[in-house]
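Student:
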Amino acid sequence: MVAWVYAHMQLTPEEVEEYKGVPVVYHGDFGFFFEPDENGVIKVCDEFPGFTRYKLHQPYGAEEPKQISVPRSHAKHPTDTYPDASEVTIRRAISTYFPRFEGKELFNKSLCWCTDTADSALLICEHPRWKNFILATGDSGHSFKLLPNIGKHVVELIEGELDPELAEAWKWRPGSGDARKSTRAARAKDLSELPGWNHDEDDRI
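Numbering follows our numbering, in which position 176 of the sequence shown is assigned residue number 1010; successive positions increment by one, without gaps.
#1: Go to Phe866, then tell me how far its beta strand (DSSP E) extends in each direction, as first and last residue.
#2: By a C-beta neighbour count over all protein chains shown, 10 Å radius and 16 as the cutoff for buried, is Glu1035 buried or exposed?
#3: Taking all protein chains shown into account, decide if Asp863 is buried (16 or more other Cβ within 10 angstroms of its Cβ) or exposed.
#4: Cutting at 6 Å between CB atoms, please list the residues of its own chain near Gly972, excluding the five before and the five after it.
#5: To the nearest angstrom, how far is it from the Cα of Tyr860 to the Cα of Phe867?
#6: The beta strand (DSSP E) with Val836 in it runs from where to where?
#7: What separation, rounded to the nearest whole angstrom, lies between the Cα atoms of Arg926 and Thr915?
#8: Can you name the residues that DSSP bridges to Thr886?
#9: Looking at C-alpha atoms only, which residue of Lys979, His987, Pro962 is the closest neighbour of Gly895?
#10: Around the C-beta of Val856, are 16 or more other C-beta atoms found within 10 angstroms, so that it is buried, or is it exposed?
#11: Is His987 helix, strand or coil when you go by DSSP?
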């Protein structure tokens, strides 16, 4: 799994009126933001290759432990935020898009984990080992734009009616590696290399 980061800003009612209804704005060098929500909060995300958190782990059914990038449970570690380096890049995005808000306090600063596949394509199939165990995962950061229609294809798979072309694209295909490695500017950094996100001494899942 790979993590990206986000933070939120609280706008005044006057600022909300000014930014209400603006489209999602994206820039590959800085990041993106959403219009204010019903509470006047803007979500800001930076753009970068992502973070990993490799640990020796033995998934269910695996013959032996192996290094896997796994998230940390926020329920068990509610004080976790994001690395110090992310504060810099989030602030850079804000200064690019909202220079007037450079001094605003950021809150709900967090890591957002996505299940990447080696080829960055979805994994929607029946597990080859366990019959009727349906996988619908491997979004590789694409899920948000697919939410309006991806569910119907999962239903088609369950009912045996999935288009063969889609079934081939989303089939079980073991692999490993950094998804989109050919298009990312750099490798995903591991959280073990970065200070600031872990606010307790417990490094377990």
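Using N, Cα and C, we set each Cβ at its ideal position, and we do this for glycine too.
Tutor: By the coordinates alone:
#1: One-based indexing of the sequence shown puts residue 866 at position 32. From DSSP, the beta strand (DSSP E) with Phe866 extends over 865-867.
#2: Numbered from its first residue, the sequence shown carries residue 1035 at position 201. Exposed, since its Cβ has fewer than 16 Cβ neighbours within 10 Å.
#3: As a working mapping, residue 863 is identified with position 29 in the sequence shown. Classification for Asp863: exposed.
#4: Within the sequence shown, the letter at position 138 stands for residue 972. Correct list, in chain order: Thr949, Thr951, Leu956, Leu957.
#5: By 1-based counting over the sequence shown, the position of residue 860 is 26. By 1-based counting over the sequence shown, the position of residue 867 is 33. Approximately 7 Å, taken between the alpha carbons.
#6: Working through the sequence shown from its first residue, we reach residue 836 at position 2. Counting along the chain, the beta strand (DSSP E) containing Val836 begins and ends at 836-844.
#7: Locating residue 926 in the sequence shown gives position 92, counting from the first residue. Locating residue 915 in the sequence shown gives position 81, counting from the first residue. Cα to Cα, the separation comes out at about 18 Å.
#8: Here residue 886 refers to the residue found at position 52 of the sequence shown. Answer is Asp1024.
#9: For the purposes of this step, residue 895 is taken as residue 61 along the sequence shown, with counting starting at 1. That would be Pro962, whose Cα lies nearest to the Cα of Gly895.
#10: Taking the first residue of the sequence shown as position 1, residue 856 is located at position 22. Exposed, because fewer than 16 other Cβ atoms sit within 10 Å of the Cβ of Val856.
#11: Along the sequence shown, read from residue 1 onward, the residue named residue 987 stands at position 153. DSSP places His987 in the helix class (H, G or I) of the three-state scheme.
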